[in-house]
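Chains as they are written, first to last, in my numbering: chain W, 1 to 448; chain S, 449 to 559.
Read the structure below first, then the notes.
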């Protein structure tokens, strides 16, 4: 057998074969669903294919903690935080230029906090501990390999790759991530569709804590998140750089179909970003600690699957809940919000004795009443604008040239007016002023 | 070292993919608990008719290598389990993808 055999201790003890609910995937969505159900007194199995929660998971910068208020009061006193984000920067770049909008707030570094950087192996394990503390049964190192159906075709549990096999339940909550084979088996997601998916590749680099403080201009447990547009050689996507306690994470997010067609390897784009004159000084001397990659469902509202069928709910990345709306890039909080709502809906359905699709319909209604679907619906047209050709390939250079035109002193030639600088920059990048105006209106409609 | 500000990356940048770090060194930073079952299989007969080879470009672990006879050589052991390969493949039946057995495969510590 190649590789080391798995020690028996890695697998939790044989679970009971029947539960009120089986939740698949102990990421933020699954642990939140399991927590809500366990607190309601339901018997819950939380099935995780990795050896521990978070071991298969990767994210891209910030966990926005407000949603955790629904889980633990004063969660910030115990959550495994790396740094509290007090500086949030959006950077537009070309190969030799960059323009940043850099916001800093001391309030974000104090309770109740806004966002944090964390490591998913720590954060997801912490959240799963909340679920088990409330009575959920965590079953690790176990793949939910398929759905069980009853005679009427309703979902009635999952098959697993454990020797003791099936887990039966009234309701299954599929929080099995972006590749959700359970949602695919139920016919809710297409078997394979690259469109609306991006690939995130990330390097975590060692840097001493005081070096991070100095280079990023922070102190103590303060941290920085930088989101970057224009660093992907025209492949729709973007880049990121954020601080952990004694590591920094840097990477890119790339639209899958265009990456595949580009002939460019993903790690080359990370290397580009790391060598950029605006990024390289942050990273000088840093050594690679871990390289990682993960898919992201970025299509938003219009690409979400049906969220409930007979005996089955879908939450988190499995339901395309990641919000990729340009200035807002959020995922973990949406996973937690959808997981909690799924858990509550499953509990209500069981209480009423009807866990058919109709009985589970309160899940979607719950999501619509709170940020998860309200934000997604409001920003439903954002992903296509953010990933559009002009925003991706022309505007970073246009904006940088515009600012360069304004701030380059051309004595003895008099200063050009703002309109002339704009015209010149637009013409250089093949953008008509009419298109610029139209995109501005479009952006205001989406984000305004 | 891979982070020196060597040359500004621009449209005229020269390709130097690793900038000081080999792909082997890069992958050596990742914890893989390799199982005995290959969780991804590739049908090289299908791949022989493929000219676009999206998997070769996009797999972040660089697991797909073209062979001299026009097929694809695939190694499952250092797989991130991201799903890129099967999602971008344009040839039905070329890539069969499942998760590794429970407890096996990639383990991210800094994800």
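No residue lacks a Cβ here, since even glycine has one placed at the ideal position from N, Cα and C.
Just so we're clear, the structure is a prediction, and the values are computed from it rather than from any experiment.
Under a 10 Å Cβ-count criterion, residue 483 of chain S is classified as buried, with 16 or more other Cβ atoms of the shown protein chains found around its own Cβ.
In the structure shown, residue 481 of chain S falls within a strand segment according to DSSP collapsed to helix, strand and coil. Rounded to the nearest whole angstrom, the CA to CA distance from residue 426 of chain W to residue 94 of chain W is 15 Å. In the DSSP assignment, residue 508 of chain S forms no beta bridge with any residue. Following the DSSP letters along the chain, one finds residue 83 of chain W inside the beta strand (DSSP E) bounded by residues 83-93.
Boundaries for residue 202 of chain W: no alpha helix (DSSP H) harbours it, while the beta strand (DSSP E) harbouring it runs 197-206, taken from the DSSP string. Taking CB atoms only, residue 247 of chain W has a neighbour in chain S less than 8 Å away.
Relative to residue 237 of chain W, the option among W/324, W/282, W/285, W/246 whose CA is nearest is W/324.
Across the set W/448, W/17, W/22, the C-alpha of W/22 shows the shortest separation from the C-alpha of residue 311 of chain W.
According to the DSSP secondary-structure assignment, residue 18 of chain W is paired through a beta bridge with W/168. For residue 549 of chain S, the residues of chain W that pass the 7 Å Cβ criterion are 143, 161, in the order they occur in the chain. When rounded, the separation of the alpha-carbon atoms in residue 378 of chain W and residue 387 of chain W is 17 Å. The beta-carbon separation of residue 83 of chain W and residue 221 of chain W, rounded to 6 Å, stays under the 8 Å limit for a contact. Residue nearest to residue 258 of chain W within the set W/148, W/199, W/24 is W/199 (criterion: CA-CA distance). Taking the CA atoms as reference points, residue 472 of chain S sits about 21 Å from residue 58 of chain W. Boundaries of the alpha helix (DSSP H) harbouring residue 267 of chain W: 266-275, taken from the DSSP string. Restricting attention to beta strand (DSSP E) runs no shorter than 3 residues, the segment 119-169 of chain W encloses them at 137-139, 144-149, 155-160, ordered along the chain.
Non-local beta-carbon contacts of residue 126 of chain W in its own chain, meaning distances under 8 Å to residues more than five positions away in sequence, involve 78, 79, 80 in chain order.
Residue 103 of chain W is classed as exposed because its beta carbon has fewer than 16 other beta carbons within 10 Å across all chains shown. Among the bridge pairs identified by DSSP, residue 257 of chain W is matched with none.
Counting C-beta pairs closer than 8 Å gives fewer than three between the segment 165-177 of chain W and the segment 268-279 of chain W, which falls short of the contact rule.
For residue 541 of chain S, the CB contacts under 7 Å within the same chain, skipping 5 residues up- and downstream, are 491, 494 in chain order. Between residue 65 of chain W and residue 48 of chain W the beta-carbon gap is near 23 Å, outside 8 Å, which marks them as no contact.
Comparing C-alpha distances from residue 260 of chain W to each of S/501, S/528, S/477 shows the shortest one belongs to S/501. Here residue 446 of chain W carries a helix assignment [DSSP, helix/strand/coil]. Note that the C-beta distance between residue 33 of chain W and residue 356 of chain W is not below 8 Å. Residue contact check for residue 50 of chain W against chain S: a CB pair falls below 8 Å.
Of the candidates W/313, W/268, W/54, W/54 places its Cα closest to the Cα of residue 123 of chain W. With its beta carbon at least 8 Å from every one in chain W, residue 518 of chain S lies outside the interface. Within 10 angstroms of the beta-carbon of residue 392 of chain W lie 16 or more other beta-carbons, which makes it buried.
Selection W/406, W/231, W/196, W/246 evaluated against residue 214 of chain W yields W/246 as nearest (Cα-Cα). Not one beta carbon of chain W lies nearer than 8 Å to the beta carbon of residue 498 of chain S.
In this structure, the beta-carbon distance from residue 396 of chain W to residue 254 of chain W does not fall below 8 Å. Proximity of chain W to residue 541 of chain S at the Cβ level (cut-off 8 Å) is not reached, the minimal Cβ distance being about 11 Å. A straight-line Cα-Cα distance of about 13 Å links residue 390 of chain W and residue 443 of chain W. Proximity of residue 505 of chain S to chain W, defined by a Cβ-Cβ separation below 8 Å, is satisfied.
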